[in-house]
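Visitor: Start counting the sequence shown at 1490; every next residue gets the next number (our numbering). Ideal placement from N, C-alpha and C gives every residue a C-beta, glycine not left out. Since this is a predicted model, take the numbers as computed values, not measurements.
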Amino acid sequence: MWQFAGSRANEVASQAKRRSCGQGSYRGTPSVVPEALRAGSVSRRSLVKRMKVALGVTGGIAAYKAAEIVRLLQDRAIRVQVIMTRSAQEFIRPLTFAALSGEKVITGMFAPGEEQAATTDSAKIDSANLDSAIEHIAVAQSIDALLVAPATADVLAHFAQGIASDFLTTLYLATTAPVVVAPAMNVNMWNHPATQANLEILRQRGVKVVEPGAGYLACGMTGSGRLAENEAIVTAVLEALGASQDLSGETVLVTAGPTREKIDPARYLTNRSSGRMGYAVAEAALRRGARVLLVSGPTALTPPAAAEVTRVESAEQMRDAVLNLLPQSTIVIKTAAVSDYRAKSIFGQKLKRKGPMVLELEPTADILKEISSRKQSQIIVGFAAETENVLENARQKLASKQLDAIVVNDVSREGVGFDSDRNQVTIITNDEVVDVPETTKWEVAQRVLDQAVRIRQRRKSPVKA
Ligand SMILES: Cc1cc2nc3c(=O)[nH]c(=O)nc-3n(C[C@H](O)[C@H](O)[C@H](O)COP(=O)(O)O)c2cc1C
1490 MWQFAGSRAN
1500 EVASQAKRRS
1510 CGQGSYRGTP
1520 SVVPEALRAG
1530 SVSRRSLVKR
1540 MKVALGVTGG
1550 IAAYKAAEIV
1560 RLLQDRAIRV
1570 QVIMTRSAQE
1580 FIRPLTFAAL
1590 SGEKVITGMF
1600 APGEEQAATT
1610 DSAKIDSANL
1620 DSAIEHIAVA
1630 QSIDALLVAP
1640 ATADVLAHFA
1650 QGIASDFLTT
1660 LYLATTAPVV
1670 VAPAMNVNMW
1680 NHPATQANLE
1690 ILRQRGVKVV
1700 EPGAGYLACG
1710 MTGSGRLAEN
1720 EAIVTAVLEA
1730 LGASQDLSGE
1740 TVLVTAGPTR
1750 EKIDPARYLT
1760 NRSSGRMGYA
1770 VAEAALRRGA
1780 RVLLVSGPTA
1790 LTPPAAAEVT
1800 RVESAEQMRD
1810 AVLNLLPQST
1820 IVIKTAAVSD
1830 YRAKSIFGQK
1840 LKRKGPMVLE
1850 LEPTADILKE
1860 ISSRKQSQII
1870 VGFAAETENV
1880 LENARQKLAS
1890 KQLDAIVVND
1900 VSREGVGFDS
1910 DRNQVTIITN
1920 DEVVDVPETT
1930 KWEVAQRVLD
1940 QAVRIRQRRK
1950 SPVKA
């Protein structure tokens, strides 16, 4: 896929040899390993962007167990912002969470009266009011997940009905981050049709419910309603964050962005790829514990800090870099929109307008095909941007290039795919077809990696290439 970028060139293309016209051959730009990683002064994990979880604590006997959850999340390098309901503060003091989390604990929707009374400085009063007025929105936008543990029957009802009566219930409506709830209550409260109906509404909405266990309850009864084990709650949060370590031990080679094929010193052929899909895959793979080798065409994006980046321009450079890194990779995910054609001749001087011209093109190397012919045990995932016969073409590509999976998107649709934060894809493997309805590229990246993990599990082969 390609398009003409730059002003119109009007001179008839000469048949001059492309090498003599200025495009030197690519010797393989060494990948840029983050300095601290190379020096061994930091671990790869510490370079992965720290995630933040809002932990809502509500008014139940199990509120004290949330203190341990804070610690377990912090052990996984996750920042925790605790929000307590008024009732929760009857069971455990905010100070406990402030000391454990190292962050201010949010205990109410409005600036506390004492704070305002404690100063006569009107600027400070205004700023306190302003801070608290926008805090629920600021928190909503800054978190990667919202966890409520323990979740009372009351808070589940508020969430299900969209009643925003305090900070936590307002935050639930204001955030687009994934939500996990871990209910805990008396067995009759748990079994009540109202509670079960509210839970069903939340599940339908995509809220992850960590089911309570059965046993002896604090109220003296026996049955369901005990807060799930803390480890199970943390695992659910990690899954929601896409931060489970299921790619640990893998080296994921990701290609991203467009390529540029030179025409003359000022012009080139390129396409609309922004690189966002590949950068999302790279970031997601890092969070899931992989080492990531990112081969990137020209993009305006900042690569994830822990990725080892090789920057390329042309399809030929992309090919050389990928084949160079292939032996050390265990999974290859090719999201890059590599140009299918390049100018047969590259002009040494800027073309002048002299009337109509014909630009002669020649095909670039088929990188996927070359990878397939050289691969050992690597899992190879290709991306296909199609505008017609979308599924049929993708299936053909899966077979002809011996891929393990192909992710196909219809780039003729507006608002998804190229140059967008959203995508809608179908992932085709040899065993299944998974539709991923329109969502963020981050979510698509997670679903693609899920498939890579499933293929690995199915093969049950050692991780090494
Ligand atoms: C001693 C005591 C223990 C309670 N334990 C629970 C509980 O485990 N689960 C629950 O859903 N409600 C429990 N409640 C009731 C809640 O505290 C009550 O519904 C409250 O309104 C919840 O407020 P919140 O959801 O804003 O935190 C308990 C109440 C008391 C007095």
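With three or more beta-carbon pairs closer than 8 angstroms as the criterion, would you say the segment 1785-1793 touches the segment 1741-1761?
Guide: The segment 1785-1793 is in contact with the segment 1741-1761.
Visitor: Curious, which full-length beta strand (DSSP E) runs of at least 3 residues does the segment 1747-1779 contain?
Guide: The qualifying runs are 1750-1753 and 1756-1759.
Visitor: What does the alpha-carbon distance come out to for the pair Gly-1597 and Arg-1565?
Guide: Spanning the two alpha carbons is a distance of roughly 28 angstroms.
Visitor: Buried or exposed for Arg-1777, please, with buried defined as at least 16 other CB atoms from any protein chain shown within 10 angstroms of its CB.
Guide: The residue in question, Arg-1777, is buried, as its Cβ has 16 or more Cβ neighbours within 10 Å.
Visitor: Taking the Cβ atom as the reference point for each residue, do Ala-1671 and Ala-1717 lie within a distance shorter than 8 angstroms?
Guide: Yes, these two residues count as a Cβ contact at 8 angstroms.
Visitor: Kindly indicate the opening and closing residues of the beta strand (DSSP E) around Lys-1858.
Guide: Note, Lys-1858: premise wrong, no beta strand (DSSP E); alpha helix (DSSP H) at 1856-1863.
Visitor: What residues in its chain sit with their C-beta under 8 angstroms from that of Glu-1603, if we drop five residues either side in the sequence?
Guide: Any reading at Glu-1603 must be qualified, since the residue scores a pLDDT of 39, below 50, and its modelled position is unreliable; no value is offered.
Visitor: So, Leu-1636 versus Gly-1651, is the Cβ gap smaller than 8 angstroms?
Guide: Not a contact, by the Cβ cut-off of 8 angstroms.
Visitor: When the Cα atoms are used, what is the spatial distance from Arg-1539 to Val-1770?
Guide: Those two C-alpha atoms are separated by around 17 angstroms.
Visitor: Jot down the residue ranges of each uninterrupted alpha helix (DSSP H) in the segment 1781-1818, minimum 4 residues, whole runs only, in chain order.
Guide: Segments of the alpha helix (DSSP H) lying fully in the segment 1781-1818: 1804-1814.
Visitor: Expressed to the nearest angstrom, what Euclidean distance is found between the alpha-carbon atoms of Glu-1802 and Ser-1862?
Guide: Going by the C-alpha atoms only, they are around 24 angstroms apart.
Visitor: Taking 7 angstroms as the cut-off, is the beta-carbon of Arg-1575 closer than that to any non-hydrogen atom of ligand 1?
Guide: Yes, the Cβ of Arg-1575 comes within 7 angstroms of a heavy atom of ligand 1.
Visitor: Assuming Lys-1541 is part of the alpha helix (DSSP H), what are its boundary residues?
Guide: Element bounds for Lys-1541: not the alpha helix (DSSP H) but the beta strand (DSSP E), 1541-1546.
Visitor: Over the uninterrupted alpha helix (DSSP H) stretch that includes Gln-1563, give me the two end residues.
Guide: Counting along the chain, the alpha helix (DSSP H) containing Gln-1563 begins and ends at 1555-1564.
Visitor: Once you ignore the five residues that flank Thr-1740 on each side, which residues in its own chain have a CB closer than 7 angstroms to its CB?
Guide: Once the five neighbours on either side are set aside, the close Cβ partners of Thr-1740 are Ala-1779, Arg-1780, Leu-1782, Gln-1817, Ser-1818 and Thr-1819.
Visitor: Can you give the Cα-Cα distance for Pro-1523 and Gly-1764, rounded to whole angstroms?
Guide: Cα-Cα distance, rounded: 20 angstroms.
Visitor: Roughly how many angstroms separate the alpha carbons of Asp-1643 and Ile-1632, rounded to a whole number?
Guide: Each residue's Cα considered, the two are about 23 angstroms apart.
Visitor: Does Met-1678 come out as helix, strand or coil in the three-state DSSP assignment?
Guide: The answer is helix: DSSP assigns Met-1678 an H, G or I state.
Visitor: Examine ligand 1 and report whether any of its heavy atoms sits within less than 7 angstroms of the Cβ of Val-1676.
Guide: No, the Cβ of Val-1676 stays beyond 7 angstroms of every heavy atom of ligand 1.
Visitor: Given Ile-1944, which residues of its chain have a CB within under 7 angstroms of its CB, disregarding the five upstream and five downstream residues?
Guide: Ile-1868, Asp-1893, Ala-1894 and Thr-1918.
Visitor: When we look at the beta-carbon of Val-1922 and count the other beta-carbons within 10 Å, is it buried (16 or more) or exposed?
Guide: That one is exposed.
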